[in-house]
């Protein structure tokens, strides 16, 4: 009976060790799962932040493109207006060379005649 008691004691101790090892293993697995979950959350946050930054950069690039397009359009319009004004001035100068002064009336209104018109 003593031998049976010792064997039972050893078996109980062995089972307790196995159970303790099993509990430790489960605890480690839980801790690893928690760490993995936290890592995934951090990665998700990083990914979301990167997406936000990418969207901000894209919006900034688009606004810069719009600004550049607006500026270039304004430059073209201004140059076109300057060109039109210059042409009008040149035409005015050119036309004045063909005009002959006829005289003025009593209100000092001057009258001209173009030799090349009707």
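In our numbering, the protein residues as written are 18 to 135.
We put the beta carbon where it would ideally sit given N, CA and C, even for glycine.
query                                                                                                                                                   : result
With DSSP as the reference, identify every bridge partner of residue 106, one or two as the case may be.                                                : In DSSP, residue 106 forms no bridge with anything.
By Cβ distance, which residues of its chain are closer than 8 Å to residue 91, with the 5 residues on each side in sequence left out?                   : none
For residue 128 and residue 119, which I take to be in contact (beta-carbon distance under 8 Å), what is that distance rounded to the nearest angstrom? : 4 Å
Return the CA-CA distance between residue 84 and residue 74, expressed in angstroms with no decimal places.                                             : 15 Å
For residue 81, name the three-state secondary structure that DSSP assigns.                                                                             : helix
Just curious, the beta strand (DSSP E) that residue 131 is in, first and last residue?                                                                  : 127-131
Alpha carbon to alpha carbon, what distance is there between residue 101 and residue 139?                                                               : The chain is shown from 18 up to 135; residue 139 falls before or after that span and cannot be answered.
Counting only beta-carbon separations shorter than 8 Å, does residue 71 have a partner in chain D?                                                      : In the displayed structure, chain D is absent; only one protein chain is listed.
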